[in-house]
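Residue numbers (this note's numbering): 1 to 72.
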């Protein structure tokens with residue numbers, strides 16, 4: 001069986017989907033606790049995880065993570 005190689009270069013459309021990722025985080029979170037975009041990482045082909053600062057008291061240093069993928 002051959003190994004599958006995945007690109008570590010972020011998919012452009014997934015990488016640009018910061019607003020979509022923020023909206024998803026805000027829908028899951030309590031109002032006002034999703035902070036600034038704190039970066040992203042390529043998880044594989046057409047899959048990117050965006051990170052946002054967490055502004056909730058008691059969670060200093062934590063981040064919200066939203067994974068964005070596209071079919072093609």
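Here a beta-carbon is modelled for each residue, glycine too, at the ideal position from N, C-alpha and C. Note that the structure is predicted; figures quoted are calculated from it, not measured.
- Less than 8 angstroms divides the Cβ of residue 35 from the Cβ of residue 52.
- According to the DSSP secondary-structure assignment, residue 39 is paired through a beta bridge with 51.
- Distances from the alpha-carbon of residue 70 to those of 23, 37 and 49 put 49 closest.
- Closest by C-alpha distance to residue 59, out of 29, 43 and 72, is 29.
- Per the coordinates, the alpha-carbon of residue 21 lies some 12 angstroms from the alpha-carbon of residue 38.
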